[in-house]
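>
Residue numbers (the working numbering): 585 to 742.
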């Protein structure tokens, strides 16, 4: 008996596979548990239509994500770090700092999606990848600059 699987089953097949199984297996297990439907013309056409609709939706969603990633890749984030002698940084720039900086610019990014292998511990410009859904990656430029010390206000009211 030919059936169309409604879900992925180990040892049998994947979702949407058109497989030939023994009549007893289909009647006693697959069909009553709604794990498969009989492969008649109507069911095959409806499944093909559902597959096309899902593919179109996935394509549209991926285009939206790629557009968002392109927009995110244009962002240059400037992080001010406190430095000591010989421009040696105190502390480091972490994923949390990058996520907060992006949030200030209006981009909500889950900090677990920011692919920073180790915290940034030096001044300079770095490209940090940000993972997005559907295997899309955006690259954010992070500039780490020296924090400008505020000039002490001159007190002339003595």
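C-beta: ideal position from N, C-alpha, C; glycine also.
Which residue's Cα is closest to the Cα of residue 697: 650, 683, 729?
Within the chain shown, the letter at position 113 stands for residue 697. When each option's Cα is compared against that of residue 697, the closest is 683.
> Sorry if obvious, but does the Cβ on residue 655 come closer than 8 angstroms to a heavy atom of the ligand FAD?
As for the ligand FAD, it is missing from this structure, which has no ligand bound.
> For residue 597, which three-state DSSP category applies?
Position 13 of the chain shown holds residue 597. Strand at residue 597.
> If you draw a straight line from the C-alpha of residue 637 to the C-alpha of residue 587, how long is it?
Counting from one through the chain shown, the residue named residue 637 turns up at place 53. Counting from one through the chain shown, the residue named residue 587 turns up at place 3. In a straight line, the C-alpha of residue 637 is about 21 angstroms away from that of residue 587.
> Among the residues of its own chain, which have a CB less than 8 angstroms from the CB of residue 654, if the five just before and after it don't count?
Against the chain shown, residue 654 aligns to sequence position 70. So the list reads 722, once near-sequence residues are dropped.
> So is residue 599 buried or exposed if we call it buried at 16+ other beta carbons inside 10 Å?
Against the chain shown, residue 599 aligns to sequence position 15. Exposed.
> For the beta strand (DSSP E) that residue 681 lies in, which residues bound it at each end?
On the chain shown, position 97 is the one that residue 681 refers to. Premise fails: residue 681 lies in the alpha helix (DSSP H), 679–688, not in any beta strand (DSSP E).
> Leaving out the 5 sequence neighbours to the left and right, which residues in its chain are closer than 8 angstroms to residue 718 when beta-carbon positions are compared?
Numbered from its first residue, the chain shown carries residue 718 at position 134. Answer for residue 718: 642, 645, 646, 649, listed in chain order.
> Quick check on DSSP: helix, strand or coil for residue 766?
Residue 766 lies beyond the residue range present for the chain, which begins at 585 and ends at 742; the question has no answer from this structure.
> In this structure, does DSSP put residue 708 in helix, strand or coil?
The residue you call residue 708 lines up with position 124 of the chain shown. Correct three-state label for residue 708: strand.
> Would residue 665 be called buried (16 or more neighbouring beta carbons within 10 Å of its own) or exposed?
Counting from 1 along the chain shown, the entry for residue 665 is found at position 81. Residue 665 is buried by the Cβ-count criterion.
> Going by beta carbon distance, what residues of the same chain come within less than 6 angstroms of residue 742, once the five residues before and after it are set aside?
The count along the chain shown starts at 1 and reaches residue 742 at position 158. Below a pLDDT of 50, predicted positions are generally treated as unreliable, and residue 742, at 49, falls in that range; the measurement from the model is reported next regardless. Within the same chain, residue 742 has no close Cβ partners at all.
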